[in-house]
Every structure is written in structure tokens, then in C-alpha cells.
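Note that the sequence shown covers residues 638 to 1088 in this note's numbering. Cβ coordinates follow ideal geometry from the N, Cα and C atoms, glycine included.
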Amino acid sequence: NVLLPVHINAVSSVVGFAEAASGVVLVIGLMSLLLWLPRWRDFSLLWLAMACGLWGVRGLIYFDNLVPGQPLLFEQLNAINALLAALTIAWAVLHLLRPVTRRHVTVMRWATALSLLAFPLAELAGRGAAGARSLAQATGTGIICWLAVQIWLRRRSMPLRRFVAFTLCIAALMAALGHDLMVVAGLLPPTSDAYVFWGFVAVLIGFALMSGEYVVMTLNRAERSNEELELRVAHKSAALESSYRLLRDSEQETARSQERERLLRDMHDGLGAQLMTALRGVERGALTPVQVAQSLQDGLDELRMLMDSTDMGHYLPGALATWRNRWDSRLSAAGVQLAWRIDDSLDGIKLANDVALQVMRILQEAATNIVKHSQARGMALEAAVREGQLHIEVTDDGVGLPEAATRPGARGLKNMHYRAAQIGAQLQVTRQPLPLTGSRVWLVVPLDGSA
638 NVLLPVHINA VSSVVGFAEA ASGVVLVIGL MSLLLWLPRW RDFSLLWLAM ACGLWGVRGL
698 IYFDNLVPGQ PLLFEQLNAI NALLAALTIA WAVLHLLRPV TRRHVTVMRW ATALSLLAFP
758 LAELAGRGAA GARSLAQATG TGIICWLAVQ IWLRRRSMPL RRFVAFTLCI AALMAALGHD
818 LMVVAGLLPP TSDAYVFWGF VAVLIGFALM SGEYVVMTLN RAERSNEELE LRVAHKSAAL
878 ESSYRLLRDS EQETARSQER ERLLRDMHDG LGAQLMTALR GVERGALTPV QVAQSLQDGL
938 DELRMLMDST DMGHYLPGAL ATWRNRWDSR LSAAGVQLAW RIDDSLDGIK LANDVALQVM
998 RILQEAATNI VKHSQARGMA LEAAVREGQL HIEVTDDGVG LPEAATRPGA RGLKNMHYRA
1058 AQIGAQLQVT RQPLPLTGSR VWLVVPLDGS A
């Protein structure tokens, strides 16, 4: 009567602690499973979750006051549970240490399969259940010992702190296993407490702490890698931006150099040639004052077009408007009325500087021929965009160009065709069909995406 309450209190305390420990182990298993789901290649967490699940369920059932099912089956399942717990713990540790070799897989599979095969054979034979349990316990103990050897062999490849932690956990479990085996062998009193449950709990908690540290270190390493990657991307972006800036500056300098070369070439071939011709004519006395004035006017027009060509490429209607503003008064002074018909399709059309300059020169040559040779009273200029090409037509109502001006070898016509060829354009200079009078200049310029 005196010892019974003490015994009941002691058992209740042990059961309470065991249930609490089982709950902790199950929580650790659930957390390991949740950590494994987004990191499904990290099998150490999966095996840890399985080991915690097996041992947590065993603790809740084994320390219950009621034995579920048949007592013999209950004892058999306890032995199987212990074997599988040892196996999953070994797998978890090996996957954490890495690498898991094919030899490891073969040894673990055969050892576990042979031990589990003993249980159905004992059931079929009707005897040998105790031997099957002993084999399972011995196999589980052997797996733990083999795991201890693997940890020792890999001690140089792991941090000292982790090696010490693994060693302490495995030593605690092996001490608990040794104690319980001595109780089973009769070397210790049968009333001694069983420690294998607590040994496995210690191993699971210790390994969970190390796995948590491993996960944290992995996340920190990934975070540092991301920071390093962002830093490298920033450096590469800065380098690319610098290279792009240098390339852009180089392209701008090349464009400016090409523009200067074009202007110098045009000044030499156009304005320079005109001024030189006028100078030689004046020196020889071969030009009348009117011819000198006309030559100087042509040179001034050429200079103005060269100056305008730096802006002509921005907007085609603006370039045509500049040409009209320059020639309207001169045509009126010559008694020629200008009809200006610009289609809305020209809105937004842009030409390169050299293309715009050649177009304006062709128009100037056409207007000059009308003023000098056609005796026209009216001139019409039409411009439109059709099928990706710029169409410009200049007509007059005069007598038409004389044969000397329209023959292929004539200087004016030759210059116009040369300028059209320079920009890949088509040019036709003809008389207007009867009953109309006068001449017709038709220019077709490919836009080539200039719009």
C-alpha cells in the first residue's frame, strides 16, 4: 500500500516525459517535412522527418497504458519501428555528410530487407518471433555502429563542431543501446529503466539542430550568392553602360567627321567650282556683269543649300518649304507663277542630309532651267509618297527645254542625273505630252525606312 502510489507516480512521470518528448519529436518531423518541400533535393530533411515520425508515433503508443492489438504483434512492430528509425537516421546523416555511394545503398538495403524478412518467416513457422526481434535489434545496432564509423572516416571533411555534435549524439544512442542490450542479456537487473527511447530522442533533437544550422547556413550562402550576383550584375551593367557611352560618343564623332567631310566635299565640288569658274571668267573678261551676278547668285544658292542641308534631314516638308521661300520671289521676278501642291502623305517624312541636299539641288536645277530656257508663265511642283517612295514632279507651261538642254550630253541634264544616281533615285526629264506644252521633271526617291 505504501509502495503502490510511489510506483504509480513514477510511471506517470515517465509516461508524461515520454509523451512530451514524442510530441517534440513529431513537431521536429513536421518542421523538417515543411523545410524539405521547397528543397525537395535535400533528402536529409526528408529522412529526418521520417525518422521523427516513426519514433514519435512509437513513443506515444509504447508508453500508453493500453496495448493496441495483439501483444505479440505489438512487440514485433516495436522492433520493426526501431530498425526503421535507425535506418532513416543513418540515411539522414549520410545525405547531410554527402556523398551517398552505391555501396552504402546496397549495404543498407540488404541489411534491412533480411531483417524484415525474418518477421513473416517467423509468423509462417509459428515460432522464432523472439529471434526475429533480436535480429532486428542487432541490425539496428549494427547500422548505428556503421554510421559511427562513417562519421569517423569523414571527420576531416566536416567542421569540428559538427563532428563533435555527431559523435556525442551517436555515443549517447550507443550507450542507451548497450544498456538495454545488457538488460535483455541479463547482465543488468530486469527492473532497470530502458534508455533506448531517450537515446533516439537525443539523436533526433541533436540532428535536427544540426540540420537547422545547415539550412540556415545554406540560406545565408544563397543570400550572399544573390548579393554577389547583384553586385556583379551592377558592375557589368556599369561596364556595359560605359562601353555603350563610349560607343555612342564614337558613333557621334564618326557622324560629325562624316558630315564635315561631306560638307567639305560638297563645297569643293559645288560652291568651289562655281566660284572658281566665275573668277576665271572675270580674270579673262569673258563674263558680262549679268553673268557674273548670275554666277554669284548660283554660288550663294549653293552655300545656302549646304547650310540648310545640316537641318534638312529632320523634316522633308520643312526642307521643301525652305526651298519654296527661297525661290518664290525669284520665280515671281521672272514672271513665273508657282503652283505648290504638297500631299499630306509627306507629314512625318524625314530624309538623310545628303539625300535632302541632292533633292534640293535637282529642284534648283529644274527651276533654273525653267527661268532661263522655258519662257514659262507658270510652274507646278507636286510631291507625294506612294508605295514607300517619294514622288516629286515639276512641270511648266513654257516652250519646253531646247534640244541643247535635253540631249543626254547636256551639262544641266547630266548633273541632274548624276545627283539622282548619287541617292539611288530615278529621274526623267521630258517634254509634256500634247496638247500640253512645257517640260516635265519626274523624280522618284526610295525612302528606305526614312519615315
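Nearest-angstrom beta carbon gap, ILE780 and ALA719 [assumed within contact, 8 Å]:
Stepping through the sequence shown from its first residue, residue 719 is reached at position 82. Stepping through the sequence shown from its first residue, residue 780 is reached at position 143. Actually they are not in contact, since the Cβ atoms of ALA719 and ILE780 sit about 10 Å apart, beyond 8 Å.
Given 6 Å as the limit, tell me if LEU1018 has its C-beta closer than that to any heavy atom belonging to the ligand ATP.
As presented, the structure is devoid of all ligands, the ligand ATP included, so that no description of it is given.
Helix, strand or coil at VAL744 [DSSP, three-state]:
By one-based count along the sequence shown, residue 744 stands at place 107. VAL744 falls in the helix class under three-state DSSP.
Keeping to the same chain, check which residues put their C-beta closer than 6 Å to that of LEU856; ignore five residues upstream and five downstream.
For this step, residue 856 is matched to residue 219 along the sequence shown. Nothing meets the Cβ criterion.
Counting only runs that start and end within the segment 952-1037, where is the alpha helix (DSSP H) found for 4 or more residues in a row?
953-970, 990-1006
Just tell me which of ALA808, THR725, VAL833 has its CA closest to the CA of LEU818.
Here residue 818 is taken as the residue at index 181 of the sequence shown, counted from 1. The residue with the shortest Cα to Cα distance from LEU818 is VAL833.
Quick one: which unbroken alpha helix (DSSP H) runs of 4-plus residues sit fully inside the segment 777-833? Chain order, please.
Within the segment 777-833, the runs of alpha helix (DSSP H) at least 4 residues long that lie entirely inside it are, in chain order, 797-821.
Just the Cα atoms here: how many angstroms apart are VAL996 and ASN1052?
Numbered from its first residue, the sequence shown carries residue 996 at position 359. Numbered from its first residue, the sequence shown carries residue 1052 at position 415. Roughly 12 Å separates the two Cα atoms.
If contact is defined by three or more beta carbon pairs under 8 Å, each pair taking one atom from either stretch, is the segment 659-671 in contact with the segment 808-816?
Contact between the segment 808-816 and the segment 659-671 is absent: fewer than 3 CB-CB pairs across the two stretches fall below 8 Å.
Thinking C-beta only, is ALA769 closer than 7 Å to ALA759?
For the purposes of this step, residue 759 is taken as residue 122 along the sequence shown, with counting starting at 1. For the purposes of this step, residue 769 is taken as residue 132 along the sequence shown, with counting starting at 1. Contact: yes.
Classify ALA1057 as buried or exposed, calling it buried when 16 or more other Cβ atoms lie within 10 Å of its own Cβ.
Here residue 1057 is taken as the residue at index 420 of the sequence shown, counted from 1. By the neighbour-count rule (16 or more Cβ atoms within 10 Å), ALA1057 is buried.
Selection from MET1016, ILE999, LEU953 that minimises the alpha carbon distance to ALA989
Looking up residue 989 in the sequence shown gives position 352. That would be LEU953, whose Cα lies nearest to the Cα of ALA989.
Short of 8 Å in beta carbon distance, which residues of its chain neighbour ALA748, apart from the five on each side in sequence? Order them along the chain.
In the sequence shown, residue 748 corresponds to position 111, counting from 1. Answer for ALA748: THR776, GLY779, ILE780, listed in chain order.
Just confirm the distance between the C-beta atoms of VAL1066 and HIS1028, as a whole number of angstroms; I'd bet it's less than 8 Å.
Position 429 of the sequence shown holds residue 1066. Position 391 of the sequence shown holds residue 1028. Contact doesn't hold; Cβ gap of about 15 Å is too wide.
Closest by C-alpha distance to THR1074, when choosing among GLY1025, ARG735, ASP984, SER1011
Within the sequence shown, numbered from 1, the residue matching residue 1074 stands at position 437. Comparing Cα positions, the closest option is SER1011.
What residue range does the beta strand (DSSP E) around LEU1064 cover?
As a position in the sequence shown, residue 1064 is number 427, starting the count at 1. Run containing LEU1064: 1063-1068, per the beta strand (DSSP E) assignment.
Whole-angstrom C-beta distance between SER681 and LEU733, which should lie under 8 Å:
Indexing the sequence shown from 1 puts residue 733 at position 96. Indexing the sequence shown from 1 puts residue 681 at position 44. Between SER681 and LEU733 the Cβ distance is about 4 Å, and since that is below 8 Å, they are a contact.
Would ARG978 and GLU1019 qualify as a contact pair, given that the criterion is a beta-carbon distance under 7 Å?
As a working mapping, residue 978 is identified with position 341 in the sequence shown. As a working mapping, residue 1019 is identified with position 382 in the sequence shown. Yes. Within cutoff.
Kindly confirm or deny that the segment 863-870 and the segment 828-842 touch, where touching means at least three C-beta pairs closer than 8 Å.
Taking 8 Å as the limit for Cβ pairs, the verdict is that the segment 828-842 does not touch the segment 863-870.
Ignore the nearest five residues each way along the sequence and tell me which others in ASP1034's own chain have a CB closer than 7 Å to its CB.
What you label residue 1034 is simply residue 397 of the sequence shown in a count that begins at 1. Closer than 7 Å at the Cβ level, and outside the excluded window around ASP1034, lie ALA1013, ARG1014, GLY1015, THR1074, GLY1075.
Taking C-beta to C-beta, are THR743 and ALA688 nearer than 7 Å?
Taking the sequence shown and counting its residues from 1, the one referred to as residue 743 is at position 106. Taking the sequence shown and counting its residues from 1, the one referred to as residue 688 is at position 51. Their beta carbons are not under 7 Å apart, which means THR743 does not touch ALA688 by this criterion.
Excluding the 5 residues preceding and the 5 following ARG799 in the sequence, name in chain order all residues of the same chain whose CB lies nearer than 7 Å to its CB.
For this step, residue 799 is matched to residue 162 along the sequence shown. Within the same chain, ARG799 has close Cβ partners MET847.
Sub-7 Å separation of ALA956 and VAL1078 beta-carbons
Mapped onto the sequence shown, residue 956 falls at position 319. Mapped onto the sequence shown, residue 1078 falls at position 441. Contact: no.
Residues that ARG1077 bridges to, as DSSP identifies them:
The count along the sequence shown starts at 1 and reaches residue 1077 at position 440. ARG1077 pairs with THR1032, THR1067.
Alpha-carbon spacing of ALA845 relative to LEU825, whole angstroms
Mapped onto the sequence shown, residue 845 falls at position 208. Mapped onto the sequence shown, residue 825 falls at position 188. When rounded, the distance between both Cα atoms is 32 Å.
Taking C-alpha atoms, which residue in LEU916, ALA766, ASP991 lies nearest to GLY936?
Walking along the sequence shown from the start, residue 936 turns up at place 299. In terms of CA proximity to GLY936, LEU916 leads the group LEU916, ALA766, ASP991.
Please determine, among ASP938, GLY823, PHE654, the residue with the shortest C-alpha to C-alpha distance to GLN1001.
Stepping through the sequence shown from its first residue, residue 1001 is reached at position 364. Measuring from the Cα of GLN1001, the nearest candidate turns out to be ASP938.
Suppose you measure from the CA of PRO757 to the CA of ILE698; what does that come to, to the nearest Å?
Counting from one through the sequence shown, the residue named residue 757 turns up at place 120. Counting from one through the sequence shown, the residue named residue 698 turns up at place 61. Within the model, the alpha-carbon separation for PRO757 versus ILE698 is close to 22 Å.
Roughly how many whole angstroms lie between the Cα atoms of GLY1061 and GLN928?
As a working mapping, residue 1061 is identified with position 424 in the sequence shown. As a working mapping, residue 928 is identified with position 291 in the sequence shown. One C-alpha to the other measures close to 33 Å.
Kindly indicate the opening and closing residues of the alpha helix (DSSP H) around GLY696.
Counting from one through the sequence shown, the residue named residue 696 turns up at place 59. From DSSP, the alpha helix (DSSP H) with GLY696 extends over 680-699.
Can you tell me whether DSSP reads GLU878 as helix, strand or coil?
Counting from 1 along the sequence shown, the entry for residue 878 is found at position 241. Here GLU878 sits in helix by DSSP.
Within the 7 Å Cβ cut-off, does ALA769 reach chain B?
This model lacks chain B altogether; it includes just one protein chain.
I need the boundaries of the alpha helix (DSSP H) containing GLN713, first residue and last residue.
Here residue 713 is taken as the residue at index 76 of the sequence shown, counted from 1. Per DSSP, GLN713 belongs to the alpha helix (DSSP H) from 708-734.
Roughly how many whole angstroms lie between the Cα atoms of THR1043 and LEU1050?
Here residue 1043 refers to the residue found at position 406 of the sequence shown. Here residue 1050 refers to the residue found at position 413 of the sequence shown. Its pLDDT being 49, under 50, THR1043 is placed unreliably by the model, and the measurement read from it follows with that caveat. Rounded to whole angstroms, the separation of the alpha carbons of LEU1050 and THR1043 is 6 Å.
What does a CB cutoff of less than 6 Å around ARG606 pick up in its chain, not counting 5 residues either side in sequence?
Limits of the chain in this structure are 638 at one end and 1088 at the other, which puts residue 606 out of reach.
In or out: ARG858 buried (at least 16 other Cβ within 10 Å) or exposed?
One-based indexing of the sequence shown puts residue 858 at position 221. It counts as exposed.
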